[in-house]
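Asks: Encoded as structure tokens, here's the structure I'll be asking about.
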Amino acid sequence: MGKCQRIKSLFKLIPFKSIQYSLIQTHLLKCDACLKDLADIDEAQTITVPKSRLEDVKDLWPQFLKDLEQQRWRKKVILRPVWRWALGSAAALVLTLSLIFVLTRSAEKRYLDDSAVKLTIDNINLYEEPAQAIIFQTQDASKTFVWVEKLSKGDMP
Amino acid sequence: MESYRELMIKYKDYAMAVALNVLTNYEDAQDVCQEAFFKAFQNLAQFDLQKNFKNWFYALLFHKCLDHLRKQKRFAGMLGKFRKETSIENSLQPENEAFSHSTELQLLNRLNPKERISLYLWSQEGYSGPEIASVLGCSSKTAHVYLYKARTKLKALLREKK
């Protein structure tokens, strides 16, 4: 095979095509390797689809123009540097604000939970008689009031 | 723009033939050709005028075909084995009535994409090893290996068919 390649290259050096062809033909008649190659090409041609067998290939130009238009629009609107910066900054701002909001809310909640007075009254007497107690707490949870009052008639202790 | 249109008209049949031989499905080949022409237009600045446009375009088209096959494989994997089998069967049916090469495509489908394109370029377009290598983006030796494997498999397939 390598030898044949060299012969073919040498044939190419001959200036006249007609002489080239006749030399190649004579070579082909004698060379088994080249004949085998040609037979293989014939076989391969039976399972591959040649260009000539394709009928009426669709014109790709209209779709190409559509794609180009879409691409231009995308470049104009989204990919323009000013827009990119504006979109990026807006997204970063929204993210930062929401993060700050979430963090402050959770800190406030934690403070309230920690500072809240855990006060429960199971039983209270006023002048040797059962009374009812109401617990008040200011909004900032800094003060707690306990209001105790005598039970009126009909109230259950 | 007009010159690119002329280029598209000149190469659309070549492109379709390559894509069809790699993808073995007419509709897919058409879609991939469309994408490849668009991509080529976007990357025209990168094209070296000293080189052959057809080879450069074929390389781009072949990569698009590989991407398409990868996507198809992933999609088929997601849908499960049953759906995958049916999609492969469907892909072997020619959607275009005027296009009736299903037997060839079924045989071709049993080679891998690199072997398919090597075989096509070698047998139909008379490409040599180094030219196939430039399309596949590999060394000349590797291209020869793909071609050799394709030819061996083809012989076995034809023997099996007989």
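These protein sequence lines map, in sequence, to chains A and B. Position 12 of the first sequence, counting from 1, maps to 12 under my numbering, and the rest follow consecutively. Position 85 of the second sequence, counting from 1, maps to 85 under my numbering, and the rest follow consecutively. Virtual Cβ for every residue (Gly too), placed ideally from N, Cα, C. Computed from a prediction, not measured in an experiment: that's the story for all the values here.
At a CB-CB cut-off below 7 Å, which residues of chain B make contact with Q63 of chain A?
Replies: Within chain B, the residues near Q63 of chain A are Q34.
Asks: For T48 of chain A, which of helix, strand or coil comes out of DSSP?
Replies: Of the three classes helix, strand and coil, the one that applies to T48 of chain A here is coil, per DSSP.
Asks: Can you check whether the C-beta of I132 of chain B is within less than 9 Å of a C-beta belonging to chain A?
Replies: No, I132 of chain B lies away from the interface with chain A (no Cβ there is under 9 Å from its Cβ).
Asks: Which stretch, first to last residue, makes up the beta strand (DSSP E) that contains A141 of chain A?
Replies: Note, A141 of chain A: premise wrong, no beta strand (DSSP E); not H, not E.
Asks: Return the first residue and the last residue of the alpha helix (DSSP H) that P62 of chain A is part of.
Replies: That run of the alpha helix (DSSP H) goes W61 to V77.
Asks: Quick check for students: name the residue ranges of the alpha helix (DSSP H) that lie wholly in the stretch 105-145 of chain B, counting only runs of 4 or more.
Replies: Runs found: 113-124 and 129-136.
Asks: Can you confirm whether L150 of chain B, when its beta carbon is compared against all beta carbons of chain A, has any partner nearer than 9 Å?
Replies: The question names Leu, but residue 150 of chain B is Ala in the sequence shown. Yes, because at least one Cβ of chain A sits closer than 9 Å to the Cβ of A150 of chain B.
Asks: Just to check my reading of the structure: L119 of chain B and L136 of chain B have Cβ atoms closer than 8 Å, yes? What is that Cβ distance to the nearest angstrom?
Replies: Wrong, their Cβ atoms sit about 12 Å apart, outside the cutoff.
Asks: Can you find at least 3 beta carbon pairs, one from the stretch 27-38 of chain A and one from the stretch 54-66 of chain A, that sit closer than 8 Å?
Replies: As far as the Cβ criterion goes, the stretch 27-38 of chain A does not touch the stretch 54-66 of chain A, which means the pair count is below three.
Asks: Name the DSSP beta bridge partners of Q132 of chain A, please?
Replies: According to DSSP, Q132 of chain A bridges with A:E149.
Asks: Do the stretch 13-25 of chain A and the stretch 134-147 of chain A make contact, defined as three or more Cβ pairs closer than 8 Å?
Replies: No, the stretch 13-25 of chain A does not touch the stretch 134-147 of chain A.
Asks: With a threshold of 16 other CB atoms inside 10 Å of the CB of D159 of chain A, please say whether the residue is buried or exposed.
Replies: Because chain A here runs from 1 to 157, residue 159 of chain A falls outside it and cannot be looked at.
Asks: Under 8 Å by Cβ, that's how I've got N55 of chain B and E131 of chain B pegged, so tell me the actual separation to the nearest angstrom.
Replies: About 7 Å; that satisfies the 8 Å criterion.
Asks: Within its chain, find whatever has a CB closer than 7 Å to the CB of L154 of chain B; leave out the 5 residues flanking it on each side and keep chain order.
Replies: If we look at L154 of chain B and ignore the five residues flanking it on each side, its Cβ neighbours are L119.
Asks: I'd like the list of long-range same chain contacts for Y4 of chain B, defined as Cβ closer than 7 Å, with 5 residues on each side in sequence excluded.
Replies: So the qualifying residues of the chain are F41.
Asks: Please identify the residue among B:L66, B:D48, B:A59 and B:A36 whose C-alpha is closest to the C-alpha of D67 of chain A.
Replies: With distances taken between Cα atoms, D67 of chain A lies closest to B:A36.
Asks: Counting only Cβ pairs nearer than 8 Å, list the residues of chain A close to E104 of chain B.
Replies: Those are T46, I47, T48 and V49, listed as they occur along chain A.
Asks: With a CB to CB cut of under 6 Å and the five nearest residues on each side skipped, what residues in its chain are close to L121 of chain B?
Replies: So the list reads Y127 and I132, once near-sequence residues are dropped.
Asks: Across which residues does DSSP place N43 of chain B in a beta bridge pair?
Replies: The partner list for N43 of chain B (beta bridge, DSSP) is empty, contrary to what the question assumes.
Asks: Could you round the C-beta distance between V49 of chain A and N21 of chain B to whole angstroms and report it? I think they count as a contact, below 8 Å.
Replies: So it is a contact: roughly 6 Å between Cβ atoms.
Asks: Have a look at A44 of chain A and F75 of chain B and give me their C-alpha separation to the nearest angstrom.
Replies: Cα to Cα, A44 of chain A sits roughly 31 Å from F75 of chain B.
Asks: Is it the case that the Cβ atoms of M16 of chain B and K51 of chain A are separated by a distance below 9 Å?
Replies: Yes.
Asks: Please list, in chain order, the chain A residues whose beta carbon lies closer than 8 Å to that of D13 of chain B.
Replies: Within chain A, the residues near D13 of chain B are K51, L54 and V57.
Asks: Using only the alpha-carbon positions, how far apart do R6 of chain A and M8 of chain B sit?
Replies: Roughly 37 Å between the two C-alpha positions.
Asks: Under the criterion of a Cβ to heavy atom distance below 8 Å, does Y111 of chain A qualify as lining the ligand FMN?
Replies: Summarising the ligand content, the structure contains no ligands, and the ligand FMN is consequently not present.
Asks: Taking the Cβ atom as the reference point for each residue, do F136 of chain A and V146 of chain A lie within a distance shorter than 9 Å?
Replies: Closer than 9 Å, so yes.
Asks: Pick from B:K141, B:R151, B:Q46 and B:L157: whose alpha carbon is nearest that of A39 of chain A?
Replies: Here the closest residue by C-alpha is B:R151.
Asks: Under the rule that 16 or more other beta-carbon atoms within 10 Å means buried, what is K12 of chain B, buried or exposed?
Replies: Buried, by the Cβ-count rule.
Asks: Just confirm the distance between the C-beta atoms of N125 of chain A and A133 of chain A, as a whole number of angstroms; I'd bet it's less than 8 Å.
Replies: Between A133 of chain A and N125 of chain A the Cβ distance is about 10 Å, and since that is not below 8 Å, they are no contact.
Asks: Mind checking if Q25 of chain A is an interface residue toward chain D, Cβ cutoff 9 Å exclusive?
Replies: The structure shown contains no chain D; its protein chains are A and B.
Asks: Measuring only the C-alpha atoms, how far is F16 of chain A from K51 of chain B?
Replies: Rounded to whole angstroms, F16 of chain A to K51 of chain B spans 27 Å at the Cα level.
Asks: Indicate the three-state DSSP secondary structure (helix, strand or coil) for L126 of chain A in the structure shown.
Replies: The answer is strand: DSSP assigns L126 of chain A an E or B state.
Asks: Using a Cβ-Cβ cut-off of 9 Å, state whether E69 of chain A counts as contacting chain B.
Replies: Chain B, which has no Cβ nearer than 9 Å to the Cβ of E69 of chain A, makes this no.
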